[in-house]
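Since the structure comes first, as structure tokens, the remarks are kept for the end.
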Amino acid sequence: MSSDYEYSDDDVDYYDDEEMIDGTQDDYTGDSDDDNMMDFGGDEDIKVPQKGKRKSYEVDFESLSQSAVEKLMAEEVEYICSVCGVDESVASLLLRHNKWNKERLVEKYMDNPTTVLVAAGVTVPEPSASPTQRSAPIPSTPSSRRSTRSASSRLLNTLSGVGVVGGPKPTKSPITSPTLPHHTPRSFKPKPPSSSDPFVCPICFDDTPSLRTLSLDCEHTFCSNCWTAYLVSKIRDEGEHAVRCMAEGCALVCSDPFIRTVIGPGSPAESPAQEEENKKAWSHFQELLVRHYVGCTKRLKFCPYPGCTNTVSCPAAADKSSLVTVVPTVSCGARGIGDQITNAASSGGGASGAGSSGWGLAGKEHKFCFGCNVEADHRPVVCPVARMWLKKCRDDSETANWIKSNTKECSNCQSTIEKNGGCNHMTCKKCKHEFCWVCMGPWSEHGTAWYSCNRYDEKAGVDARDAQSRSRASLERYLHYYNRWANHEQSAKLSIDLYAKTEKKMEDMQITSSLTWIEVQFMKKAVEEAERCRMTLKWTYAMAYYLAKGNEKDLFEDNQRDLERAVEDLSELLEGPIEPESIPTLRQKVTDKTVYVQKRNEIVLEDTAKGFLDGRWGWNVVVEGFDDPEGVEY
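Okay, structure coming up:
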């Protein structure tokens with residue numbers, strides 16, 4: 001077989017030429033055909049409204065349900081149908097094979113449609129054609145294109161009655177060109193089966209006279225039970241969205257209508273259990289198609305929360321170059337996890353009681369960073385810095401304290417050494433350098449004073465200790481930022497317990513005072529704001545660790561300090577005991593402090609985001625997408 005006809009994604013030269021929108025622009029107009037998200041209406045489509053002018057640290061995004069994504073896919077298929085003159089099942093296979101890059105697909109199809117169709121598994125190559133004929137370009141006008149056989153023709157033959165036979169395999173039906181418009185009806189004239197030997201399924205060897213058989217256009221015929229088991233296994237167990245023919249070496253791909261006939265709604269099943277299994281497989285197949293489309297479209301990304309099927313569209317973050325100026329934090333519009341997920345469109349209005357407050361995991365909003373898979377919301381630090389910090393934490397944090405307390409570095413090669421005996425005479429196993437554990441000077445200057453060192457002020461020891469001090473200072477600096485980062489992370493995790501305690505306090509306040517459930521919501525808002533600000537504080541320490549020394553860093557840490565002090569004051573108010581006579585005063589204090597904390601958080605996020613847009617931030621290490629570092633701290 002010619003290499004032109006080998007079915008492999010690697011044979012297709014893909015490139016991404018979608019028109020992307022710069023994340024630094026003020027408003028997303030959505031004028032691009034590729035990036036314009038259609039308003040399909042209906043409750044299943046979750047729209048995230050943008051209130052007022054977008055802040056500098058925010059991005060425009062839209063949340064889509066699975067059905068909304070399927071409509072986007074249908075638009076892409078319709079476009080290929082109209083341009084290439086193929087039916088919908090063929091257009092879908094072509095788009096999936098070409099990673100949903102419709103511009104590249106059209107270009108290749110107009111150059112050589114036969115090669116594109118065969119490579120996508122839509123048709124089988126003609127063995128009679130010479131290699132020269134197979135590779136020769138074919139005119140792109142519909143009237144001059146060579147007729148090719150689509151993978152769905154045998155399915156239509158089956159639906160006409162030829163697929164159910166009691167004798168030999170079905171006779172091949174008349175062929176129509178896939179270059180015809182997709183809405184053109186096809187006419188098939190079934191040919192009665194011959195009276196030769198009965199058909200035997202090559203998989204299960206069933207030769208029942210009334211055996212129901214199915215085949216693709218390649219004419220590899222199998223019984224319907226084997227087709228069902230094969231498709232269910234491929235979809236359920238292997239996650240295949242492009243299932244090839246069962247015959248060994250056959251590259252023809254099953255079309256969507258064929259799969260629907262075998263395992264879709266209304267497909268024949270031997271038992272209720274088989275019917276349920278087919279239903280699940282068909283549903284999973286639909287999900288696989290959506291996942292493949294989303295995975296190939298830069299402006300789309302699935303919500304990473306377990307059990308959530310929503311998708312977010314964020315054109316501003318599709319271009320990776322924008323990730324050095326903005327943190328694309330988005331929300332899919334849903335809350336909760338697993339079976340407790342509720343979408344914003346159907347969650348209703350305000351809470352009317354304790355049972356509908358939606359706190360904790362059940363009410364957690366699905367926020368995540370569109371630009372990376374690092375963390376749910378790592379504002380104000382941009383994605384490259386967040387990735388660097390988390391990698392350093394994974395590498396250093398667990399052993400840093402132990403290393404600091406129990407080891408020293410060789411003064412010659414800087415290898416880390418642990419003292420496992422009482423003798424001060426140390427020998428580095430890596431470079432064989434001998435030195436004193438106490439003063440870090442060369443051992444040759446110590447004579448026989450193995451257990452006491454009186455040469456602490458010798459120059460060699462001073463130089464070694466200077467290098468040691470720099471190394472320890474670097475470690476202590478890291479631990480300073482890491483411990484505070486981890487402290488706010490732990491405090492945010494403990495907010496689940498704080499939610500429960502605060503809810504109990506809210507119920508007690510209603511009993512001991514005249515306040516209604518709505519009037520005690522100030523406690524809930526305060527807890528939510530405190531948690532949100534702790535996440536901001538957590539990542540400010542990651543950013544401060546990499547910031548170069550200077551006025552900008554000083555101002556950043558001043559804002560950080562003010563926010564941290566305000567958050568701690570608010571947390572103290574929330575966790576303190578509540579006396580019935582002090583409830584009015586407490587309500588006023590908590591409300592005022594919540595507003596102040598929110599303002600301080602806005603200042604940190606706004607100033608940091610503007611700093612990225614203006615290019616004000618300098619780094620003490622090399623950060624992807626930024627200029628060389630300005631200074632190094634120890």
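So the sequence shown is numbered by the UniProt record's numbering: it starts at 1 and just counts up by one.
All residues carry an ideal CB built from backbone N, CA and C; glycine is no exception.
Asked: Cα-Cα separation between A317 and S67, rounded to whole angstroms; Found: 23 Å
Asked: Within 7 Å, strictly: CB atoms of K301 and V312; Found: yes
Asked: Test item: CB-CB of T329 and R379 under 7 Å; Found: yes
Asked: Status (buried if at least 16 other CB within 10 Å, exposed otherwise) for N551; Found: exposed
Asked: Residue environment, D558, which counts as buried when at least 16 other CB atoms sit within 10 Å; Found: exposed
Asked: C-beta neighbour in chain B for T221, strict 7 Å; Found: Among the protein chains of the structure shown there is no chain B, as only one such chain exists.
Asked: Meets three-Cβ-pair contact criterion under 8 Å: the segment 198-212 and the segment 112-122; Found: no
Asked: G295 - containing alpha helix (DSSP H), residue span; Found: P272 to C296
Asked: For V312, three-class secondary structure by DSSP; Found: strand
Asked: Short Cβ contact (7 Å threshold) for N310 with S63; Found: yes
Asked: Cβ neighbour criterion (16 or more within 10 Å) applied to V124; Found: buried
Asked: Sequence-distant residues of the same chain with beta carbon closer than 6 Å to Y590, five excluded per side; Found: Strictly speaking, residue 590 in this sequence is Val, with Tyr absent from that position. Same-chain partners within the cutoff: F522, A526 and L573.
Asked: M73 - DSSP class collapsed to helix/strand/coil; Found: helix
Asked: Pairwise C-alpha distance: E519 and P584; Found: 11 Å
Asked: Closest residue to H284 among A247, E240, P315 and Q598 (Cα-Cα distance); Found: E240
Asked: Residue(s) in a DSSP beta bridge with I417; Found: K408
Asked: First and last residue of the uninterrupted beta strand (DSSP E) at K301; Found: L300 to F302
Asked: For E624 and Y545, the rounded distance between their alpha carbons; Found: 16 Å
Asked: Helix, strand or coil at C246 [DSSP, three-state]; Found: Checking the displayed sequence, the identity of residue 246 turns out to be Met instead of Cys. Reduced to three states, the DSSP call for M246 is coil.
Asked: Where the beta strand (DSSP E) through A334 begins and ends; Found: T329 to R335
Asked: For P265 and V122, the rounded distance between their alpha carbons; Found: 24 Å
Asked: At least 3 beta-carbon pairs within less than 8 Å: the segment 103-110 vs the segment 247-257; Found: no
Asked: Straight-line Cα distance separating E75 from F40; Found: Per-residue confidence for F40 stands at a pLDDT of 36, beneath the threshold of 50, marking its modelled position as unreliable; no derived number is given.
Asked: Simplified DSSP assignment, three categories, for F556; Found: helix
Asked: Per-residue DSSP class, three states only, for F612; Found: helix
Asked: Beta-carbon proximity of C428 to S415, cut-off 7 Å; Found: yes
Asked: Alpha helix (DSSP H) runs contained entirely in the segment 69-124, provided each spans 4 or more residues; Found: 88-97, 102-111 and 113-119
Asked: Coarse secondary structure for W485, derived from DSSP in three states; Found: helix
Asked: Three CB pairs or more closer than 8 Å across the segment 292-301 and the segment 254-263; Found: no
Asked: Q490, buried or exposed, once every other Cβ within 10 Å from all chains shown has been counted against 16; Found: exposed
Asked: Local Cβ density within 10 Å of D87, reported as buried at 16 or more and exposed below that; Found: buried
Asked: Backbone CA spacing between S187 and K99 [nearest angstrom]; Found: The predicted position of S187 is uncertain, since its pLDDT is 30 and thus under 50; a value taken from the coordinates is nonetheless stated next. So the alpha carbons of these two residues sit roughly 32 Å apart.
Asked: Residues near K538 by beta carbon distance below 8 Å, same chain, minus five either side; Found: W485, H488, E489 and A492
Asked: Simplified DSSP state of K538, which is helix, strand or coil; Found: helix
Asked: Run of the beta strand (DSSP E) containing L64, from where it starts to where it stops; Found: E62 to L64
Asked: Nearest-angstrom Cα separation, counted from E409 out to K430; Found: 12 Å
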